[in-house]
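**Q** Residues in the sequence shown are numbered consecutively from 1, following our numbering.
Dropping the structure in here first, questions after.
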Amino acid sequence: MTVARPKDRRVIPPREAQRQARLDHEVRARPVRLREPTVEPAPTAAGADGLSRASRRGLDLFAFFVANLQTGFGPFLAVYFTQSKWTQSDIGFALTVGSLVSLLGQVPGGAFVDAMRSKRFAAGVSVTAISASALALALWPNFLIVLLAMAVHSAASCILTPAIAAISIGLVGHARAGERLGRNASFQAMGNAVAAAGMGACGYYLSNDAVFYLTAALVVPTIMALSAIRAEEIDAGVRTQEAEPRSGDAAAGGVKALLTNRALLSFAACMTLFFLANAAMLPLVGSVLTLRASETATALVAACIMVPQAVLAVLAPAVGRAAERFGRYPVLLAGFAALPIRGLLFAYTDNPYMLVSIQVFDGISAAVLGVMVPLVVSDLTRGTGRFNLALGAVGTAMGIGAALSTSLAGILADRLGSHTAFLGLALVGAGAFALVALIMPETRRGAAR
1 MTVARPKDRR VIPPREAQRQ ARLDHEVRAR PVRLREPTVE PAPTAAGADG LSRASRRGLD
61 LFAFFVANLQ TGFGPFLAVY FTQSKWTQSD IGFALTVGSL VSLLGQVPGG AFVDAMRSKR
121 FAAGVSVTAI SASALALALW PNFLIVLLAM AVHSAASCIL TPAIAAISIG LVGHARAGER
181 LGRNASFQAM GNAVAAAGMG ACGYYLSNDA VFYLTAALVV PTIMALSAIR AEEIDAGVRT
241 QEAEPRSGDA AAGGVKALLT NRALLSFAAC MTLFFLANAA MLPLVGSVLT LRASETATAL
301 VAACIMVPQA VLAVLAPAVG RAAERFGRYP VLLAGFAALP IRGLLFAYTD NPYMLVSIQV
361 FDGISAAVLG VMVPLVVSDL TRGTGRFNLA LGAVGTAMGI GAALSTSLAG ILADRLGSHT
421 AFLGLALVGA GAFALVALIM PETRRGAAR
């Protein structure tokens, strides 16, 4: 069988044939690069906030146990000092030392956390210092050691609060910070409630100094929870700081950055007025309850403390989600509005059980501010490297307002009565609400007021 040749067969010149042969040889000799198989990353059990299950649970438990640890330094201190035969002036002086260190240490504590590369390490050092303070109170309740322990506890708390906020925002980023901070506040409220009940039972059935042994022992589960948070998931340098401050002007530049941040100064002024109205309300309610229902006053005051904690635990996650969905401004207005309403209701209520019920408004304000304070400060300092320093400055403003509040309420109550005192505090609270409405901008990026 023969194959027909094409009629128009082209004759290839010798030079072109040589060039084609050379190209074919190069193609055959060229090594073939095999495509490396792609390795899919192993799936991780991450939630909607992007955290691994270990980091999410670790941060939840860390917030819970930190609240347990701090509860030991609450009302149990006065009981313990009284049992140790301390005079009221000595007790007041010891508490004043702690308050002064707490007030003056806010800004340096925030600057320290800013300077620390590892926020987990800063939190771990603070927790250990608080535990050591509780142990010192239990073992050596003499005046000098107590003063030193109170100072160490207050200084460590000034570091711990911004460190928790930095870890939280570093884990989830700014986009989901509100929801995460709300979850933290919820677990802290539950920790406060559980610790108050557990330490109260411990003091009743064992001894008052056993409360501080228990507080010291809580460092173990707290550190275990902190170690469960994966360090590689905390991108604090990018998400929280987003800019490293220059070493030459670290201190002076930090203060200057705070003083030139108009929105931050406005927020600090609003918080000062809020705490000027808020801090004295519960002590004033306690005095009123003692006069009107002396037999059940202790139980009613305890209920006044527990009701806001329960509201805070339930409401805080929803506050965080609302802040991300609707913006910071309307949520702040809601939290500030609850304060003057609470003051007015206290002024015109005689029933002791109604006084307890009105504390629901305190829970609303606590849920809002527990989430919004670090969230708004984070918004206003994003890209400056001064988040924790600014958070300490706002904390100082809050402390000044709280310190002046009790004096203002005491003067009004002594000279004009509790009714007028509540009205005066409500008026200051209304001023804080008006200040937020007039001067506070919307701080969430991409949201318009």
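From the three backbone atoms N, C-alpha and C, an ideal C-beta is built for every residue, glycine too.
Since the structure is predicted, the reported quantities are computational estimates derived from the model, not experimental observations.
1. Would you give the residue range spanned by the alpha helix (DSSP H) that Asp379 belongs to?
2. Find the nearest neighbour of Ala316 within the set Phe433, Pro283, Leu226, Ser365, judged by alpha-carbon distance.
3. The alpha helix (DSSP H) with Thr161 in it runs from where to where?
4. In its own chain, which residues sit with a C-beta less than 6 Å from the C-beta of Val27, not counting the 5 before and 5 after it?
5. In chain order, what are the residue ranges of uninterrupted alpha helix (DSSP H) at least 4 long that sit wholly in the stretch 48 to 118?
6. So the candidates are Gly203, Leu137, Met354, Leu375; which of them puts its Cα closest to the Cα of Leu332?
7. If you drop the 5 nearest sequence neighbours on each side, which residues of the same chain put their C-beta closer than 6 Å to that of Ser154?
8. Ordered along the chain, which non-local residues of its own chain (more than five positions away) have a Cβ less than 6 Å from that of Leu61?
9. Going by C-alpha to C-alpha distance, which of Thr161, Ala149, Met440 sits closest to Phe112?
10. With DSSP as the reference, label Ser227 as helix, strand or coil.
11. Rounded to whole angstroms, what's the CA-CA distance from Ala389 to Arg445? Just pull it up for me.
12. So the alpha helix (DSSP H) Asp209 belongs to, where does it begin and stop?
13. Would you kindly work out how many angstroms separate the C-alpha atoms of Arg239 and Arg180, rounded to a whole number?
14. In chain order, what residues of the same chain have a beta carbon less than 8 Å from the beta carbon of Met440, not counting five sequence neighbours either side?
15. What residue range does the alpha helix (DSSP H) around Arg262 cover?
16. Tell me the rounded alpha-carbon separation between Ser418 and Asn278.
17. Near Ala434, which residues of its chain fall below 7 Å by C-beta distance, leaving aside the five closest residues on each side in sequence?
18. Grouping DSSP H, G and I as helix and E and B as strand, with all else coil, what is Glu179?
19. Is there contact between the stretch 206 to 217 and the stretch 112 to 127, where contact requires at least three CB pairs shorter than 8 Å?
20. Can you list, in chain order, the residues of its chain whose CB lies under 6 Å from that of Gly58, leaving out five sequence neighbours each side?
21. Is it buried or exposed for Ser89, if we count other Cβ within 10 angstroms and need 16 for buried?
22. Report the residue from Leu276, Thr260, Arg321, Pro283 whose alpha carbon sits nearest the alpha carbon of Arg386.
23. From this set, Gly191, Leu345, Ala334, Val288, which residue's C-alpha is nearest Ala367's C-alpha?
24. Indicate whether the contact test is met: 3 or more Cβ pairs, each with one atom in the stretch 161 to 180 and one in the stretch 132 to 149, closer than 8 Å.
25. Would you call Asn192 buried or exposed, if buried means 16 or more other Cβ atoms sit within 10 Å of its Cβ?
26. Where does the unbroken alpha helix (DSSP H) through Pro441 begin, and where does it stop?
27. Suppose you measure from the CA of Leu355 to the CA of Ile234; what does that come to, to the nearest Å?
28. With a 10 Å radius around its C-beta and 16 neighbouring C-beta atoms as the bar for buried, classify Phe143 as buried or exposed.
29. What's the C-alpha gap between Ser357 and Arg292?
30. Quick test of your reading: Leu290 and Gly401, contact by CB under 8 Å. State the CB separation rounded to the nearest angstrom.
31. For Leu276, I'd like the list of residues in its chain whose CB is within less than 6 Å of its CB, leaving aside the five on either flank, ordered along the chain.
32. With a threshold of 8 Å on Cβ separation, who are the neighbours of Phe422 within its own chain once the five nearest residues in sequence on each side are excluded?
33. Can you give the Cα-Cα distance for Gly320 and Leu391, rounded to whole angstroms?
34. From what residue to what residue does the alpha helix (DSSP H) around Asp414 run?
35. Kindly list the residues whose CB is nearer than 6 Å to the CB of Gln83, restricted to its own chain and excluding five residues on each side of it in sequence; keep chain order.
36. I need the DSSP call for Asn192, collapsed to helix, strand or coil.
**A** For this structure:
1. 360 to 380
2. Ser365
3. 143 to 172
4. Since pLDDT at Val27 reaches only 48, below the 50 mark, its modelled position is unreliable, and the value read off the structure follows with that caveat. Nothing meets the Cβ criterion.
5. 53 to 71, 76 to 83, 88 to 104, 106 to 115
6. Leu375
7. Gly98, Val101, Ser102
8. Ala225
9. Thr161
10. helix
11. This sequence places Leu at residue 389; Ala is not what is there. Cα to Cα, the separation comes out at about 21 Å.
12. 208 to 217
13. With a pLDDT of 47 at Arg239, under the threshold of 50, the modelled position of this residue cannot be trusted; read the value that follows with caution. Approximately 14 Å, taken between the alpha carbons.
14. Ala263, Ser266, Phe267, Cys270, Tyr329, Leu332
15. 262 to 278
16. 15 Å
17. none
18. helix
19. no
20. Ala225, Ala228, Ile229
21. exposed
22. Thr260
23. Ala334
24. no
25. buried
26. Where Pro441 is concerned, there is no enclosing alpha helix (DSSP H), given that its DSSP letter is neither H nor E.
27. 44 Å
28. exposed
29. 16 Å
30. According to the sequence provided, residue 290 is Thr. The question's Leu does not apply to it. Incorrect: roughly 25 Å between the Cβ atoms, too far for contact.
31. Gly401, Leu404, Ser405, Val428
32. Met281, Leu284, Gly343, Leu344, Phe346, Ala347
33. 18 Å
34. 387 to 416
35. Asn208
36. helix
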